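Just so we're aligned, residue 3 is where the sequence shown starts under our numbering, counting upward by one. Ideal Cβ placement from N, Cα and C applies to all residues, glycine included. Quantities reported herein were computed from a predicted structural model and do not represent experimental measurements.
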Amino acid sequence: MSPASAGLAKKLGYTDVRVYLEGEPAWIEAYLPTYSTEQFILRGNVVLLDTRPRPQAIEGRIKGAYSVPFADIEQTLGDLARNAPIVVYGEDEYLEEEAVAIIRFEGFRNVSLVKGGYQGWIDGGGPIESGPIFDTEITWVRQLGRGEVSVADFRRAASGEDPDAVIVDARTKEEVAELGTFRHTINISLDEIPARMDELPRDKKIYVHCATGARADMAYNELVNEGFDVKFLLLDIQDAECDCEIIRPEEAAI
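Following this line, the structure appears as structure tokens:
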């Protein structure tokens, strides 16, 4: 999507525009840090980890945070779903980034930091709490957002168990040819959606996916505005939770 965004910026009159083609996936693969907004930390369906020593967390911590000292990270996160969005903070930038690297190495892809750590949160006026920590076992349940399809429903469509659902793969033909796709799938890339809507049945449910969910979300918005019964999958399709058979593109045509 970044080249299209750059093109739009050019049309709006910006002259010094560049594109980081590899995008966030490559940034994450390089174990470089990403940061969460205050609203995401406070209102998102996240797992917030305070990696400072427990006594410091008892004295004061970001509201809703679990106390998971740096040395305990690996053993504490063992049973947590790998698609859980995790936000980390501490008091030492180096240890914070080390914590992110450890968590990503354990298979979590959506891991970010609080800008400036605990002190940065305090300086920004973010809400805190203090006192004994009774809830030490981390629990997280995926909450579907507006327009999202559950993994279970998507899996039923991909396996053919739900004949009333059709999957739209919003990736490019090149991506599909290289990586394969799911059964019962029509490949219509995001930029082709407006011109190829007539190929989609209006009497069936439509589930849109891409690689990670970003393009699927955009395709969903276009289709829902045209009156389709549509939802999108917000999940990295390489995530083990997806667990759908990958096939060659020529086998997927409906």
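* Residues in its own chain within less than 6 angstroms of Ala197 by CB, not counting five upstream and five downstream? -> none
* Asked: Pick from Met220, Glu228, Glu194, Leu44: whose alpha carbon is nearest that of His211?
  -> Met220
* So the beta strand (DSSP E) Thr187 belongs to, where does it begin and stop? -> 187-189
* Whole beta strand (DSSP E) elements within the stretch 102-146, 3-residue minimum -> 113-116
* **Terminal residues of the alpha helix (DSSP H) in which Phe42 lies** => 40-45
* **Completely contained beta strand (DSSP E) runs for the stretch 35-91, where each covers 3 or more residues** => 49-52, 88-91
* Touch check for the stretch 156-168 and the stretch 186-204: three-plus C-beta pairs under 8 angstroms? -> yes
* With C-beta atoms as the reference, is Leu79 less than 8 angstroms away from Glu98? -> no
* Would you call the stretch 66-85 and the stretch 140-150 touching, i.e. three or more CB-CB distances under 8 angstroms? -> yes
* In three-state terms, what does DSSP make of Leu245? -> For clarity, residue 245 is Asp in the given sequence; the question names Leu instead. Three-state DSSP puts Asp245 in coil, outside helix and strand.
* To the nearest angstrom, report how far apart Tyr120 and Gly182 are at their CA atoms. => 43 angstroms
* How many angstroms separate the CA atom of Ile169 from the CA atom of Leu202? -> 10 angstroms
* To do: Would you check if there are 3 or more beta carbon pairs closer than 8 angstroms linking the stretch 48-68 to the stretch 9-24?
  => no
* Asked: In terms of alpha-carbon separation, which member of Lys65, Ile124, Glu26, Cys246 lies closest to Glu163?
  -> Cys246
* For the candidate residues Lys65, Ile88, Ala216, Arg63, whose alpha-carbon lies nearest to that of Ile75? -> Ile88
* Asked: Do you know offhand how far Gly9's Cα is from Val48's?
  -> 33 angstroms
* **Trp29 burial status per 10 Å Cβ neighbour count (16 or more: buried)** => exposed
* Asked: In three-state DSSP terms, what is Val151?
  -> coil
* chain D within 8 angstroms of Glu228, Cβ atoms only -> Looking at the structure shown, chain D is missing, and only one protein chain is on hand.
* Since Tyr68 and Asp52 are thought to touch, with beta carbons under 8 angstroms apart, how far apart are those beta carbons, to the nearest angstrom? -> 7 angstroms
* Euclidean distance between Cα positions of Asp239 and Gly147 -> Note that residue 239 is Ile in the sequence shown here, rather than Asp. Between Ile239 and Gly147, the C-alpha separation is close to 18 angstroms.
* Helix, strand or coil: how does DSSP classify Phe230 here? -> coil
* Nearest to Asp155 by alpha carbon, out of Arg173, Phe234, Ser191? -> Phe234
* On the three-state DSSP scale, how would you describe Tyr96? -> helix
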